[in-house]
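Just so it is clear: in the sequence shown, position 164 is 164 by full-length UniProt numbering, and no numbers are missing.
One structure is given below, encoded as structure tokens.
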Amino acid sequence: MASAHSSALNSLSSLSFRSSRFSLLPTTNKLTFPLLTKTTTLSFTTKATPFDDNSFVSEEILPVNPPEVPEGFIAPPSIFEGPDEEKDEITAAYEDIYGTAYSGVSVLGNDVYAMDSKTRKASGLRTRRKTEKLRDGFQERVVQVNRVSKVVKGGKRMSFRAIVVVGDRKGQVGIGVGKAKEVVSAIQKAAINGRRNLIKVPLTKNFTFPHRSDGEYGAAKVMLRPAFSGSGVIAGGSVRIVLEMAGVENALGKQLGSDNPLNNARATVAAMQKMKQYTQVSEERGIPIEELWK
Numbered sequence: 001m002a003s004a005h006s007s008a009l010n011s012l013s014s015l016s017f018r019s020s021r022f023s024l025l026p027t028t029n030k031l032t033f034p035l036l037t038k039t040t041t042l043s044f045t046t047k048a049t050p051f052d053d054n055s056f057v058s059e060e061i062l063p064v065n066p067p068e069v070p071e072g073f074i075a076p077p078s079i080f081e082g083p084d085e086e087k088d089e090i091t092a093a094y095e096d097i098y099g100t101a102y103s104g105v106s107v108l109g110n111d112v113y114a115m116d117s118k119t120r121k122a123s124g125l126r127t128r129r130k131t132e133k134l135r136d137g138f139q140e141r142v143v144q145v146n147r148v149s150k151v152v153k154g155g156k157r158m159s160f161r162a163i164v165v166v167g168d169r170k171g172q173v174g175i176g177v178g179k180a181k182e183v184v185s186a187i188q189k190a191a192i193n194g195r196r197n198l199i200k201v202p203l204t205k206n207f208t209f210p211h212r213s214d215g216e217y218g219a220a221k222v223m224l225r226p227a228f229s230g231s232g233v234i235a236g237g238s239v240r241i242v243l244e245m246a247g248v249e250n251a252l253g254k255q256l257g258s259d260n261p262l263n264n265a266r267a268t269v270a271a272m273q274k275m276k277q278y279t280q281v282s283e284e285r286g287i288p289i290e291e292l293w294k
């Protein structure tokens, strides 16, 4: 056994490749080594070819026929032609696409805290959103925000109720009520509801009432009286807020019944709805204005 192993090692040590010099003709090489008792011969053929860059790539030049230019075609201007854009123009274009920049300066006159639907998305639960205020000339004043609850099968559902007075300080005023799970949403709903309930308040040149009037709503009673110029608004609670948002500058107001702010505000609106201008009364009676005081 040992003699067989030694003979195999001797045969492997004498192993060599016998090949002729580089030629274009095929060359046959033989490897011979004994495997224990039998001798096996392996033969393989190699073909050498000269290496050339153009031997493997064949490029065929094809004719190029560009399409004809249609009649009346006007080539678009290049981006490098024309005057350079100013900084304000670039900022305005960016704000139109992506909204107000982080610097807080608006070139287009938009609200800095407005929510842009193109870029901002609500994430998570109960996310506070900043919505754009309506620019219709009306102002909003919050009278009261209460936490209310609704009893259901599973327990109590807590929410907020907001009372908002909306007015333009030029003779229009309205009262709105809104409920929501968040205070901001409740105020927004109340403001929208107040714009739906606007009334016209008759005012004189001194921004006061043309005559006295009383209003009732539920258990609340409100008394309104005109006042001389320079007197100011002498009232309290929700009555004062309603009169200021209506544009009244000189008047007297008094709450005679309940202290409920919502009922008192609605009683104030009811009292102002009873008022009429002198011209309206003269037209209804068919007499001139001078005869109203006779």
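Each residue gets a CB set at the ideal place from its N, CA and C atoms; glycine is no exception.
Treat the numbers as computed from the prediction; the structure is a model and nothing was measured.
message: Please report the distance separating the alpha-carbon of isoleucine 97 from that of isoleucine 90.
response: 11 Å
query: With DSSP run on the structure shown, which of helix, strand or coil describes isoleucine 199?
result: strand
Nearest neighbour of glutamine 172, chosen from Gln139, Lys181, Val152 [CA to CA]: Gln139
message: Classify methionine 158: buried if its beta carbon has 16 or more other beta carbons within 10 angstroms, exposed otherwise.
response: exposed
task: Count the other CB atoms, across all protein chains shown, that sit within 10 Å of the CB of serine 23; report buried if there are 16 or more and exposed otherwise.
output: For serine 23, the pLDDT reaches just 49, beneath the cut-off of 50, and the residue's location in the model is therefore unreliable, leaving the point undetermined.
- request: Could you round the C-beta distance between valine 166 and glycine 194 to whole angstroms and report it? I think they count as a contact, below 8 Å.
  value: 4 Å
- prompt: Who are the near neighbours of glycine 257 in its chain, counting only those whose CB is closer than 6 Å to its CB and skipping five residues on each side?
  reply: Ala219, Ala220, Lys221
query: Between which two residues does the alpha helix (DSSP H) harbouring asparagine 146 extend?
result: Counting along the chain, asparagine 146 falls outside any alpha helix (DSSP H), though it belongs to the beta strand (DSSP E) covering 139-152.
task: Pull up the distance between the alpha-carbon of arginine 141 and that of valine 164, whole angstroms please.
output: 6 Å
query: What distance in whole Å lies between the Cβ atoms of alanine 227 and alanine 190, which are believed to be in contact at a cut-off of 8 Å?
result: So it is not a contact: roughly 30 Å between Cβ atoms.
query: Quick one: what's glycine 236 bridged to in DSSP?
result: DSSP output for glycine 236 lists no bridge partner at all.
field: Closest Cα partner of proline 210 within the set Asn65, Lys276, Ser78
entry: Lys276
- request: Please classify alanine 93: is it buried, with 16 or more other beta-carbons within 10 angstroms of its beta-carbon, or exposed?
  value: exposed
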